[in-house]
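Report on one structure; see the data block that follows.
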Amino acid sequence: MPRADFYLIQKPRFREEPLMLVCELARKAYDANLWTLVLARDAAQAEALDELLWAFDEDAYIPHQIAGTDDEDALTPVLIARPDTDIPLRPLVINLRDAPVDGVFERVLEVVPADDSARGPLRERWKQYQARGLELKKYDM
Numbered sequence: 385m386p387r388a389d390f391y392l393i394q395k396p397r398f399r400e401e402p403l404m405l406v407c408e409l410a411r412k413a414y415d416a417n418l419w420t421l422v423l424a425r426d427a428a429q430a431e432a433l434d435e436l437l438w439a440f441d442e443d444a445y446i447p448h449q450i451a452g453t454d455d456e457d458a459l460t461p462v463l464i465a466r467p468d469t470d471i472p473l474r475p476l477v478i479n480l481r482d483a484p485v486d487g488v489f490e491r492v493l494e495v496v497p498a499d500d501s502a503r504g505p506l507r508e509r510w511k512q513y514q515a516r517g518l519e520l521k522k523y524d525m
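Below, the structure written as structure tokens:
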């Protein structure tokens with residue numbers, strides 16, 4: 385059964401830089417050999433995440449790239465997709481966009497900002513995934 389995991393940002397380090405949580409999730413996915421697609425909100429966020437994945441931990445190497453920048457998308461364990469990129473979903477999707485993920489996947493990770501005004505739409509997204517029959521989990525980060 386497909387699953388949706390909601391990660392609620394709580395810790396100060398993630399409040400200051402929410403993309404750090406995305407880096408941690410991508411590292412865990414890579415360590416577990418899960419090929420991952422990160423759906424960035426816009427091109428600027430995709431670029432920022434690309435840079436942060438190179439620098440967030442000097443002991444971690446996470447092979448990644450922005451989708452569509454060369455011919456190696458199929459060989460790259462972590463792909464970052466801008467909204468204008470048409471890329472097939474992978475078993476694990478980290479969703480940073482404003483809409484729920486449609487399509488076939490095994491698991492979607494939703495990063496929930498610390499900002500209370502942003503949590504309302506994500507509560508609605510929870511209900512949408514629930515209506516589609518996904519197993520739901522919530523984690524405080």
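Using this note's numbering, the letters of the sequence shown correspond one by one to residues 385 to 525. The C-beta atom is built at its ideal place from N, Cα and C for all residues, glycine as well. Bear in mind that the values here come from a model prediction, so they are computed numbers and not experimental data.
How would you call residue i, buried or exposed, if buried means at least 16 neighbouring beta carbons within 10 angstroms?
| i | result |
| --- | --- |
| Arg397 | exposed |
| Leu520 | exposed |
| Arg509 | buried |
Which stretch, first to last residue, makes up the beta strand (DSSP E) that contains residue i?
| i | result |
| --- | --- |
| Asp524 | 519-524 |
| Asp389 | 387-392 |
Can you tell me where the alpha helix (DSSP H) holding residue i begins and where it ends?
| i | result |
| --- | --- |
| Ala569 | No statement about residue 569 is possible, as the shown extent of the chain runs from 385 to 525 and does not include it. |
| Arg397 | 396-400 |
Going by beta carbon distance, what residues of the same chain come within less than 7 Å of residue i, once the five residues before and after it are set aside?
| i | result |
| --- | --- |
| Ala427 | Arg466 |
| Gly487 | Leu473 |
| Lys395 | Met525 |
Do you know how far the Cα of residue j is from the Cα of residue i?
| i | j | result |
| --- | --- | --- |
| Asp499 | Thr460 | 32 Å |
| Ser501 | Arg507 | 11 Å |
| Tyr523 | Asp389 | 7 Å |
Going by beta carbon distance, what residues of the same chain come within less than 6 Å of residue i, once the five residues before and after it are set aside?
| i | result |
| --- | --- |
| Ala413 | Thr420, Leu476 |
My understanding is that residue i touches residue j, with C-beta atoms under 8 Å, so please give their C-beta distance in whole angstroms.
| i | j | result |
| --- | --- | --- |
| Ala424 | Leu433 | 6 Å |
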